[in-house]
Amino acid sequence: MEVIDLGDPATLRRLATADDSSSETQHASSSSSPEPPLSQADGDSLTDETVASLVAETDRYAKQTLKDKELSPKSRFRQWTPVTVNEMWAFLGLIIVMGLILIENLEEY
């Protein structure tokens, strides 16, 4: 079983674009036909440019929300800081790991 370093963007990129047939990581539930790897499922591999676009759109949405919505003085949204590409890779990697390793309690991830 492979130990995954979620703090390493290169590892997260490899996870996001890996072909599941070459990985030792197995999904907890069994199915008759395996899911296609992310790189095949979306028709293209998840690239740095795609992640940079996700970062830009996430930050644009946050700025728009902060400007347009009436937020309570204690809203967590007021503490928003711009997202970095490495943070987005970490987030996407966590989503992938959460799909591979099923844990009942979300807080245990």
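For reference, each letter of the sequence shown is one residue, going 1 to 109 in full-length UniProt numbering.
Positions of the beta carbon are idealized from the N, C-alpha and C atoms, including for glycine.
* Whole-Å CB distance - V51 paired with V85, under 8 Å assumed -> As a position in the sequence shown, residue 51 is number 51, starting the count at 1. As a position in the sequence shown, residue 85 is number 85, starting the count at 1. Separation of the CB atoms of V51 and V85 is rounded to 6 Å, and the pair is thereby assigned contact status at 8 Å.
* Throw me the rounded Cβ distance for the R13 and W89 pair, which I believe falls under 8 Å. => The sequence position of residue 13 within the sequence shown is 13, counting from 1. The sequence position of residue 89 within the sequence shown is 89, counting from 1. The beta-carbon distance between R13 and W89, rounded to whole angstroms, is 6 Å. This is short enough to meet the 8 Å contact definition.
* Answer with buried or exposed for P73, where buried requires no fewer than 16 other C-beta atoms within 10 angstroms of its C-beta. => Within the sequence shown, the letter at position 73 stands for residue 73. Flag for P73 reads exposed.
* Close beta carbons around L54, own chain, < 6 Å, minus the five adjacent residues each side -> In the sequence shown, counting from the first residue as 1, residue 54 sits at position 54. Excluding positions up to five away in sequence, the list reads M88.
* Using 10 angstroms around the beta-carbon of G93, count the other beta-carbons present and answer buried if the total reaches 16, otherwise exposed. => For the purposes of this step, residue 93 is taken as residue 93 along the sequence shown, with counting starting at 1. Label assigned to G93: buried.
* According to the neighbour-count rule (16 or more other Cβ atoms, all chains shown, within 10 Å of its Cβ), is L46 buried or exposed? -> Residue mapping note: residue 46 aligns to position 46 of the sequence shown, counting from 1. Flag for L46 reads buried.
* Helix or strand or just coil, what does DSSP make of P73? -> Within the sequence shown, residue 73 is the residue found at index 73, counting from 1. Reduced to three states, the DSSP call for P73 is coil.
* To do: Taking W80 and L71 to be in contact with their CB atoms under 8 Å, please state how far apart those CB atoms are, rounded to whole angstroms.
  => For the purposes of this step, residue 80 is taken as the residue at position 80 of the sequence shown. For the purposes of this step, residue 71 is taken as the residue at position 71 of the sequence shown. Taking 8 Å as the upper bound for CB-CB distance, W80 and L71 are not in contact here, some 10 Å apart.
* Starting from the Cα of V97, find the closest Cα among Y109, A56, D59 and give me that residue. => Position 97 of the sequence shown, counted from the first residue, corresponds to residue 97. Comparing Cα positions, the closest option is Y109.
* Asked: Is R60 helix, strand or coil by DSSP?
  -> One-based indexing of the sequence shown puts residue 60 at position 60. R60: helix per DSSP, three-state reduction.
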